[in-house]
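*Asks:* Numbering (our numbering), first residue to last: 541 to 838. Backbone N, C-alpha and C define an ideal beta-carbon position, used for all residues, glycine too.
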């Protein structure tokens with residue numbers, strides 16, 4: 541297969557990474573977002589990794605499962621939702637990920653594609669790196685009817701405003717918030733249990749120990765409850781997600797997918813592989829949800 545290279549500038553930002561990816565009705569939608577502040581930036585004696593979350597650019601599309609691509613008409617200078625973050629200001633929709641509703645979105649409640657994204661709304665007098673690729677304050681929710689004509693048109697999106705859906709981006713409100721304790725987010729619908737699981741990672745100083753946790757709600761808009769908090773998981777795990785393909789028939793066993801430990805010796809730390817198998821690669825850990833009787837017996 542001829543895998544072509546499609547060059548896409550991050551300018552005026554410093555770097556550009558992939559984020560939300562969806563295959564629906566034979567079309568592959570592939571998003572990218574931008575980062576700034578430097579890949580390794582020293583501030584007050586601490587090394588940070590890309591401390592500024594930049595704009596979500598938009599979606600490339602492919603109708604032949606990735607053999608060829610049509611570039612997004614959006615650019616980092618003119619991104620889909622008009623946010624920036626170029627100088628460290630807060631961004632709400634920086635690195636969105638599609639809610640996993642199963643193959644071809646079979647469990648979407650209304651045929652729409654939903655996305656979750658981490659960000660922040662308050663940038664005043666904040667710590668360095670408060671809103672980065674792996675840190676933030678809030679989780680936001682948006683949706684769109686998936687079609688090539690819709691995905692790069694902000695007027696086709698709806699945003700959750702805390703009570704209802706709105707077409708006005710400026711009215712968006714978080715579905716979950718925890719100041720200085722949130723970051724990269726993914727969501728999966730567990731069809732057997734009829735509930736949504738949300739994985740969140742708080743990346744601290746972006747180059748040290750990371751804390752992750754699992755939230756749950758029957759409603760995609762919340763409220764969410766804490767299932768389990770994973771202090772120093774990985775010990776530096778990120779991009780946690782639960783692939784719906786590998787959820788058991790009873791919904792109680794699934795696989796947690798993540799990467800980890802890209803900066804094992806930054807800032808005088810010695811990051812370990814914990815749980816075993818955690819490393820700078822695709823990692824998988826089997827998870828079993830205990831029922832009340834099982835939990836009580838342990």
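Please give me, in chain order, every unbroken run of the beta strand (DSSP E) with length at least 3 that falls completely inside the segment 686–728.
*Replies:* Runs found: 698–700, 716–722.
*Asks:* In this structure, does DSSP put residue 558 in helix, strand or coil?
*Replies:* As a first step, residue 558 is located in the chain shown; it is residue number 18 there, counting from the start. In the structure shown, residue 558 sits in a strand (DSSP, three-state: E or B).
*Asks:* Ignoring anything shorter than 3 residues or poking outside the segment 557–593, list the beta strand (DSSP E) runs there in chain order.
*Replies:* Counting whole runs of 3 or more residues, the segment 557–593 contains the beta strand (DSSP E) stretches 567–576, 581–583, 586–588.
*Asks:* Can you give the Cα-Cα distance for residue 525 and residue 734, rounded to whole angstroms?
*Replies:* Not covered by the structure: residue 525. The range shown for the chain is 541 to 838.
*Asks:* Comparing C-alpha positions only, which one of 673, 584, 605, 770 sits nearest to residue 574?
*Replies:* Against the chain shown, residue 574 aligns to sequence position 34. When only C-alpha atoms are compared, the closest one is 673.
*Asks:* How would you write the range of the beta strand (DSSP E) that residue 752 sits in, first residue to last?
*Replies:* For the purposes of this step, residue 752 is taken as residue 212 along the chain shown, with counting starting at 1. Residues 751–757.
*Asks:* Within the same chain, show all residues whose beta-carbon is closer than 7 Å to that of residue 786, passing over the 5 residues directly before and after it, in chain order.
*Replies:* The residue you call residue 786 lines up with position 246 of the chain shown. Contacts found: 794, 795.
*Asks:* Which residue's Cα is closest to the Cα of residue 806: 703, 745, 717?
*Replies:* The residue you call residue 806 lines up with position 266 of the chain shown. Ranking the options by Cα distance to residue 806, first place goes to 745.
*Asks:* Mind checking who residue 826 pairs with in its DSSP beta bridge?
*Replies:* Taking the first residue of the chain shown as 1, we reach residue 826 at position 286. BP columns for residue 826 point to 795.
*Asks:* Using C-beta distances below 8 Å, list every residue in its chain close to residue 772, excluding the 5 sequence neighbours before and after it, in chain order.
*Replies:* Indexing the chain shown from 1 puts residue 772 at position 232. Contacts found: 749, 750, 751, 814.
*Asks:* What does a CB cutoff of less than 8 Å around residue 707 pick up in its chain, not counting 5 residues either side in sequence?
*Replies:* Here residue 707 corresponds to residue number 167 of the chain shown, with the count starting at 1. Around residue 707: 695, 697, 698, 699.
*Asks:* Going by the beta-carbon positions, is the gap between residue 764 and residue 821 smaller than 8 Å?
*Replies:* Against the chain shown, residue 764 aligns to sequence position 224. Against the chain shown, residue 821 aligns to sequence position 281. No, the pair does not count as a contact, with Cβ atoms beyond the cut-off.
*Asks:* I'd like to know whether the C-beta atoms of residue 709 and residue 584 end up nearer to each other than 8 Å.
*Replies:* In the chain shown, residue 709 corresponds to position 169, counting from 1. In the chain shown, residue 584 corresponds to position 44, counting from 1. The answer is no: Cβ separation not under 8 Å.
*Asks:* Are at least three pairs of beta-carbons, each pair with one atom in the segment 588–608 and one in the segment 619–628, less than 8 Å apart?
*Replies:* A contact exists between the segment 588–608 and the segment 619–628.
*Asks:* List the endpoints of the continuous beta strand (DSSP E) containing residue 679.
*Replies:* The residue labelled residue 679 in the question sits at position 139 within the chain shown. Here the beta strand (DSSP E) through residue 679 covers 676–684.
*Asks:* For residue 541, does the count of other Cβ atoms within 10 angstroms reach 16, so buried, or fall short, so exposed?
*Replies:* Within the chain shown, numbered from 1, the residue matching residue 541 stands at position 1. With a pLDDT of only 46 at residue 541, under the threshold of 50, the placement of this residue in the model should not be trusted, and no figure is reported.
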